[in-house]
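Asks: Can you read through this structure? Questions will come right after.
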Amino acid sequence: MKARHKRLGFLLVGLVVLGAASWLVFNALGNNLSYFFSPTEVAENKVPADHVFRLGGLVQPGSVERGEELTVRFEVTDNAHTVKVAYTGILPDLFKEGQGVIAQGRMGPDGVFVADEVLAKHDENYMSPEVADALEKGHQKGIADMAKGNKPL
Amino acid sequence: MSGRLSLYRFSSPAAFYPLAGTIGKIAALIAVVLLAIGLYMSFFVAPTDYKQGEGYRIIFIHVPSAWMSMFIYLVMAFWAGIGLVFNTRLSSMMAQALAPTGAIMTFIALWTGAFWGKPMWGAWWVWDARLTSELILFFLYIGFIALQGSIDDTRRADRAGAVLLLVGVVNIPIIYFSVKWWNTLHQGATVSVTEGSSMGTIMLQTMLIMTFAFWAYSIAVAMYRVRSIILEREKDTRWVSELPEVRR
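From first to last, the protein sequence lines are chains X and Z.
Position 138, counted from 1, in the first sequence is what this note's numbering calls 138; the numbers after and before it change by one each time, with no gaps.
Position 29, counted from 1, in the second sequence is what this note's numbering calls 29; the numbers after and before it change by one each time, with no gaps.
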């Protein structure tokens, strides 16, 4: 066995051990590295009580109510459960019904999530408005109102 | 036997020095041409996005630089491993030559990401898994450069740097799969080997041209940098003193 074979062996064993160790660590951390909780996790009481956390999901179409002085009420859904959210402040441009959002805040005693920050989450799809329009026409109604704001430019 | 020899010939710095110059020149030319085409397509040919409007165009810089930041790290780790096992001088020089480019690519990815995040998400920065692991990658590059620069004995510096690089490899799959493993604000992968792409054809072509441009740029600057490193490390040898550009 030459010296360089020995070094190669050490290197490979080292990498395998390192990989296994990090796999174990991340397995143990599990969901703690997630940036937000879903409405289902809220419904199952998996979220920290009396503590700030982030809630993520889609804005329920038809649920957005604009109150006075920048107060907005809407519902966040993951199509299984829904959470009511109240927020006062400026919303990001991409905020729209049917669009993904992440709200940071805490659960109020009345079951309404009081957010002090709302971020928009977009998906990984990119296409021209024409293509989006054609897709939308294929879908027709139901979610047709989502395309309203997106006239071909 | 002769085939083997000709391939190994270039692991000698003296033989690689002129070759690196040629590769560097060709790669620089390709980079300029592809960048010109890619940037023109980014601004004028690729269509507007249905949701994000014109703002999405930063993707043509953001994604190629983010890919390069991860890929360059893997290449560096590969050379570091080779250098550690076979004690070849040139492989450690290659790792050293790539480091600043990798750091710059990571910085560009983070910076353009912030510029993109503010109008679209509503935040310059969030501590989600994708963004945080990419920031750690930036620190790994900086740490490697600092560690290697702080040790005077080049052999020891190379070995220390190589160990750091190899340990840091764990971070690369974490960056890549972070959007899959955990809930993140950052969206999932648009282009993936297993699932194809979910963007318009012209957008994808533009992004790939920009990616090749970044590749060519990285190869070019790494080649020019490795030439400087070779000259610096081999300055006491006869072949360097006989170079026409040194004798002048």
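Beta carbons: idealized from backbone N, C-alpha and C, even for Gly.
Because the structure is a prediction, the values reported are computed rather than measured.
1) For Z/Tyr56, which residues in chain X fall below 7 angstroms Cβ to Cβ?
2) Between Z/Tyr73, Z/Tyr8 and Z/Ile58, which lies nearest to Z/Ile172 when the distance is taken from Cα to Cα?
3) Could you check the C-alpha separation between X/Arg4 and Z/Leu84 for me, to the nearest Å?
4) For Z/Val246, I'd like the list of residues in its chain whose CB is within less than 7 angstroms of its CB, leaving aside the five on either flank, ordered along the chain.
5) Hey, how far is the Cα of Z/His274 from the Cα of Z/Leu39?
6) Where are the alpha helix (DSSP H) runs, 4 residues long or more, that stay fully inside the region 99-143 of chain X, in chain order?
7) Out of X/Tyr126, X/Ser22, X/Leu135 and X/Val131, state which residue places its alpha-carbon closest to the alpha-carbon of Z/Glu54.
8) If you reduce the DSSP assignment to three classes, tell me which class X/Phe36 lands in.
9) DSSP three-state label for Z/Asp158, please.
10) Just tell me which of Z/Val32, Z/Ser11 and Z/Trp79 has its CA closest to the CA of Z/Trp215.
11) Closer than 7 angstroms, CB to CB, is Z/Ser2 near chain X or not?
12) Using C-beta distances below 7 angstroms, list every residue in its chain close to Z/Val221, excluding the 5 sequence neighbours before and after it, in chain order.
13) Does any residue of chain X have a CB that is nearer than 7 angstroms to the CB of Z/Gly122?
14) Considering Z/Leu39, what are the terminal residues of the alpha helix (DSSP H) in which it resides?
15) Thinking Z/Met207 and Z/Pro64 are a contact (beta carbons under 8 angstroms), I'd like their distance in whole angstroms, please.
16) Is the beta carbon of X/Ser128 closer than 7 angstroms to that of Z/Pro47?
17) Would a check of beta-carbon distances place X/Asp116 closer than 7 angstroms to chain Z?
18) Secondary structure at X/Leu94, three-state DSSP: helix, strand or coil?
19) Count the other CB atoms, across all protein chains shown, that sit within 10 Å of the CB of X/Phe95; report buried if there are 16 or more and exposed otherwise.
20) Which two residues bound the contiguous beta strand (DSSP E) that contains X/Lys84?
21) For X/Glu75, which three-state DSSP category applies?
22) Residues of chain X with CB closer than 8 angstroms to the CB of Z/Val170, please, in chain order.
23) Within the same chain, show all residues whose beta-carbon is closer than 8 angstroms to that of Z/Phe43, passing over the 5 residues directly before and after it, in chain order.
24) Strictly under 7 angstroms for the Cβ-Cβ distance: is Z/Thr190 near chain X by that measure?
25) In chain Z, which residues lie less than 8 angstroms from X/Lys121 when you measure between Cβ atoms?
26) Would you say Z/Asp153 reaches chain X, if we count a Cβ-Cβ gap shorter than 7 angstroms as a contact?
27) Can you tell me whether DSSP reads X/Leu153 as helix, strand or coil?
Replies: In short, the structure shows the following:
1) Going along chain X in sequence order, the residues near Z/Tyr56 (Cβ under 7 angstroms) are Tyr126.
2) Considering only alpha carbons, the answer is Z/Tyr73.
3) Cα-Cα distance, rounded: 9 angstroms.
4) Exclusion of the five residues before and after Z/Val246 leaves Val240 as the residues of its chain whose Cβ lies within less than 7 angstroms of its Cβ.
5) No statement about residue 274 of chain Z is possible, as the shown extent of chain Z runs from 1 to 248 and does not include it.
6) Runs of the alpha helix (DSSP H) inside the region 99-143 of chain X: 129-139.
7) Distance from the Cα of Z/Glu54 is smallest, within the candidate group X/Tyr126, X/Ser22, X/Leu135 and X/Val131, for X/Tyr126.
8) Three-state DSSP puts X/Phe36 in coil, outside helix and strand.
9) Three-state result, Z/Asp158: helix.
10) Ranking the options by Cα distance to Z/Trp215, first place goes to Z/Val32.
11) Residue placement at Z/Ser2 is poorly supported in this model, since its pLDDT is 48, which falls under 50; the coordinates still yield a value, given next. Cβ-Cβ to chain X under 7 angstroms: no for Z/Ser2.
12) Around Z/Val221: Thr101.
13) Among the CB atoms of chain X, one or more fall inside 7 angstroms of the CB of Z/Gly122.
14) Here the alpha helix (DSSP H) through Z/Leu39 covers Pro13 to Tyr40.
15) Correct: roughly 7 angstroms between the Cβ atoms.
16) Against a cut-off of 7 angstroms, the Cβ pair of X/Ser128 and Z/Pro47 comes out as a contact.
17) Look at X/Asp116: its C-beta is not under 7 angstroms from any C-beta on chain Z.
18) X/Leu94: coil per DSSP, three-state reduction.
19) Looking at its Cβ environment, which holds 16 or more other Cβ atoms inside 10 Å, X/Phe95 is buried.
20) Where X/Lys84 is concerned, the enclosing beta strand (DSSP E) starts and stops at Thr82 to Thr88.
21) X/Glu75: strand per DSSP, three-state reduction.
22) From the beta-carbon of Z/Val170, the residues of chain X found nearer than 8 angstroms are Leu18, Gly19 and Ser22.
23) If we look at Z/Phe43 and ignore the five residues flanking it on each side, its Cβ neighbours are Arg57.
24) Yes, Z/Thr190 lies at the interface with chain X (some Cβ there is under 7 angstroms from its Cβ).
25) Within 8 angstroms Cβ-Cβ: Trp121, Leu185 and Gln187.
26) Answer no: the Cβ-Cβ gap between Z/Asp153 and chain X never drops below 7 angstroms.
27) Confidence at X/Leu153 is low in this model, with a pLDDT of 39, below 50, so its placement is unreliable and no value can be given for it.
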